[in-house]
Ligand SMILES: [Zn+2]
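In our numbering, the protein residues as written are 13 to 127.
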């Protein structure tokens, strides 16, 4: 994960604890997760229940996260908020389905009598 991505999620790369390497051994992950008290989530300081290693250019660092923040980082989701964004999302899915079915149907969503 790049430093900018971390910053977008409110995480300062420099504040993360140093990790032993970019590829910790199979023993190092469970050891990290079983540490008491648990390593704090990099976002909210609640108990971290997942861990990973990230290197944004200044060396490998542990990225400990609570479950909600681990999910947020794993599946960043921009929720459409305007009618236009919602219609664009529906149109995009319809185009993907048409492409998967091998159809070349021009798709358009009409929003009012003027189109
Ligand atoms: Zn958290």
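Glycine included, each C-beta is placed from N, C-alpha and C at the ideal position.
- Here residue 98 has 92 as same chain residues with Cβ atoms under 7 angstroms from its own Cβ, once five neighbours each way along the sequence are excluded.
- Within its own chain, the residues whose Cβ lies closer than 6 angstroms to the Cβ of residue 31, once the five positions on either side in sequence are excluded, are 65, 72, 73 and 74, listed in chain order.
- Residue 79 is bridged by DSSP to nothing; it lacks a bridge partner.
- With the rule of 3 Cβ pairs closer than 8 angstroms, the region 52-71 does not count as touching the region 94-110.
- Residue 82 and residue 106 have their C-alpha atoms roughly 30 angstroms apart.
- Selection around ligand 1 by beta-carbon proximity, strictly under 7 angstroms to any non-hydrogen atom, yields 53, 55, 56, 58, 77, 78, 80 and 81 in chain order.
- Residue 115 counts as exposed, since fewer than 16 other beta carbons sit within 10 angstroms of its beta carbon.
- Distance from the CA of residue 42 to the CA of residue 85, rounded to the nearest whole angstrom, comes to 20 angstroms.
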